[in-house]
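Note that this note's numbering has the sequence shown beginning at 1012, numbered continuously upward.
We put the beta carbon where it would ideally sit given N, CA and C, even for glycine.
Remarks on the structure that follows.
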Amino acid sequence: MKITGISEETGQIRIEVAGCNMRCPYCVHIKQPSEELSVERLLEYAAMSSTEDVYIAGAEPTLQKDLIPLIEGLHKTGKRIILKSNGMKPDVLKIALPFVYGFVIEIKAASDDISGIMELTGMSEKRSKKYVSLLTDSLSIANNKWLRIWIRVIPEYVNSDTVQRILPDLEFASEVMLYQFMSNPDFDIPFMGHDSPSPSVEEIEELAEIVLSKVAKVRIVGEGRKHLLQRR
Ligand code: SF4
C-alpha cells in the first residue's frame, strides 16, 4: 500500500494513504512523497500498539487495492477503524462496511454548485456531476455507521448562503466538523487569495448554528481553537 505516513498520537494510530482521484488546488496531501508498505508490515505496526483506534485517511484511501485486506486484518485483531473518504468510491465503502466503526466523509460544497465543485476539486463538469451522485450513494452507505461529515470552510463556497443548501446532505451525519481554511498550514495551500485563516471563527460559529438545525453535534476546528457545539 502506498502511504505518506504512519504515526500514533492522541490515542489513535493514523495511516495516511497516498494518491487521490481529485485534484483540489489547495491540497497538500497529493504533493507529499510516499513509500510502499505491505499490509503485513502495517498490521505488525498496529499490533505493536495497545491503541485500539485506527484512523485511515490520506489523500484517498479507497483507491488502494490493499485497503480491504488491511481493514479486514485490523478488524480481526480488535482494532476500531475509522475510514476517511471523499465519497467517490461508494462500492469500496460498501465492502468496508462490516470492518469499520465509522466513516469521515468530506463534503466540498452544495451539491447543486457544480461550478464550485469543479473549482474545488479540479475535475471536469461531467466528472463533478458524477461525483455528486457517487457522494449521495456513499452517504447513504455510511448511514449504517458513525459518520462525521468534514467541511473545509472556504468562504467563497461555504458561507451563510450556501450552507443551507448543504443541509440535506447532512441527514445521516452523527456530527459535522467545520474546518477553518488555512488554520493549519500543514493541511492547506493558499487558494482564492486566502493565505491566512479565513473566514473568522466567529463566522464559522454562525454557520455551526445553522448546521445544528439538522445535526446534533458540530465540531469547529480553527486557528488555535477546537470546540464542540451541541444542540440544546
Ligand atoms: S483535498 Fe482531499 S479530495 Fe482533494 S485532492 Fe486532497 S485528498 Fe483528494
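Three-state class that DSSP yields for residue i in the structure shown
| i | result |
| --- | --- |
| Phe1110 | helix |
| Gly1022 | coil |
| Pro1056 | It should be noted that the sequence gives Tyr, not Pro, for residue 1056. Three-state result, Tyr1056: helix. |
| Val1212 | helix |
| Gly1069 | strand |
| Ser1061 | coil |
| Lys1118 | It is worth fixing the name first, because residue 1118 is Ile in this sequence and not Lys. Strand. |
| Asp1124 | coil |
| Leu1189 | strand |
| Ile1017 | strand |
| Gln1241 | strand |
| Lys1225 | coil |
| Val1039 | coil |
| Gly1098 | coil |
| Val972 | Absent from the structure is residue 972, since the part of the chain shown begins at 1012 and ends at 1243. |
| Asp1199 | strand |
Rounded distance between the beta-carbons of residue j and residue i, thought under 8 Å
| i | j | result |
| --- | --- | --- |
| Ser1139 | Met1129 | 5 Å |
| Ala1029 | Gly1089 | That pair is no contact at about 27 Å. |
| Asp1206 | Met1193 | 7 Å |
| Gly1098 | Ser1149 | 4 Å |
| Lys1076 | Val1111 | Between Val1111 and Lys1076 the Cβ distance is about 17 Å, and since that is not below 8 Å, they are no contact. |
| Pro1101 | Ile1152 | 6 Å |
| Met1203 | Glu1167 | 6 Å |
CA nearest to the CA of residue i, picked from the options
| i | options | result |
| --- | --- | --- |
| Thr1021 | Arg1242, Gln1175 and Glu1063 | Glu1063 |
| Val1232 | Glu1027, Gly1069 and Arg1163 | Arg1163 |
| Asn1170 | Leu1181, Asn1155, Lys1156 and Leu1189 | Leu1189 |
| Leu1158 | Ile1177, Pro1179, Ser1185 and Arg1243 | Ser1185 |
| Pro1244 | Val1212, Gln1043, Ile1026 and Lys1105 | No statement about residue 1244 is possible, as the shown extent of the chain runs from 1012 to 1243 and does not include it. |
| Ile1093 | Gln1023, Gln1075 and Ser1061 | Gln1023 |
| Ser1126 | Lys1137, Ile1116 and Glu1117 | Lys1137 |
| Tyr1037 | Asp1197, Arg1230 and Leu1218 | Asp1197 |
| Arg1091 | Leu1074, His1040, Lys1105 and Tyr1066 | Tyr1066 |
| Trp1161 | Ser1224, Arg1230 and Arg1236 | Arg1230 |
| Asn1195 | Lys1225, Glu1234, Ile1215 and Ala1219 | Glu1234 |
| Arg1176 | Ser1211, Ser1060, Ile1106 and Leu1218 | Leu1218 |
Heavy atom of the ligand ZN within 8 Å of residue i beta-carbon
| i | result |
| --- | --- |
| Met1033 | Within the structure as shown, the ligand ZN is missing, the only ligands being the ligand SF4. |
Is it true that the segment 1049 to 1061 meets the segment 1074 to 1083, where meeting means three or more beta-carbon pairs spaced less than 8 Å apart?
yes
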